[in-house]
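Undergrad: The sequence shown begins at 732 in the working numbering and counts up one residue at a time. Even glycine gets a Cβ: it sits at the ideal position worked out from N, Cα and C. For clarity, every value in this text was computed on a predicted model and none was experimentally measured. Below you will find the structure I want to go over with you.
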Amino acid sequence: MDMKFWTTKEYKKIKRDFIIRNFAFGFCYFLFLISFIMCIVCFIISINFEVEIILVILFPFLLLILSVWNLFDLIMEHISEIKRFKVTVLKKQIEELEGKMLRGLRVGVDKIE
732 MDMKFWTTKE YKKIKRDFII RNFAFGFCYF LFLISFIMCI VCFIISINFE VEIILVILFP
792 FLLLILSVWN LFDLIMEHIS EIKRFKVTVL KKQIEELEGK MLRGLRVGVD KIE
């Protein structure tokens, strides 16, 4: 483990939560891919039918637009989650360094007469 935390249990908890969230985002990406393929298939199938063609074409198209809109939100949330994890790790490393740096100053302050 290359990162310094107050406890390894704390690091494992942060890392576990990060991995679980990444699996959730991956599952959402997979669902988006499946829905995208289904919309394209519905669009291709609906071209062959002449009954209510406008409704049959518009429904998959609207679903596709909605899923693309949700994909942008999903990607932005995933990026912010990665940044949040990196900031948490960096804060923990800096706290450890500050603790080491301030120990010497405290000892010096006590020796002033």
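1) Taking all protein chains shown into account, do 16 or more other C-beta atoms lie within 10 angstroms of the C-beta of S777, making it buried, or fewer, making it exposed?
2) Which same chain residues, not among the five before or five after H809, have their C-beta less than 7 Å away from its C-beta?
3) Roughly how many angstroms lie between the CA atoms of Y760 and K814, to the nearest whole one?
4) Judging by CA-CA distance, which residue of T739, K746 and I796 is the nearest neighbour of S766?
5) Verify whether the separation of the beta carbon atoms of F749 and L802 is less than 8 Å.
6) Please report how far the alpha carbon of E826 lies from the alpha carbon of T819, in whole angstroms.
TA: Here's the rundown:
1) buried
2) F756
3) 19 Å
4) I796
5) no
6) 11 Å
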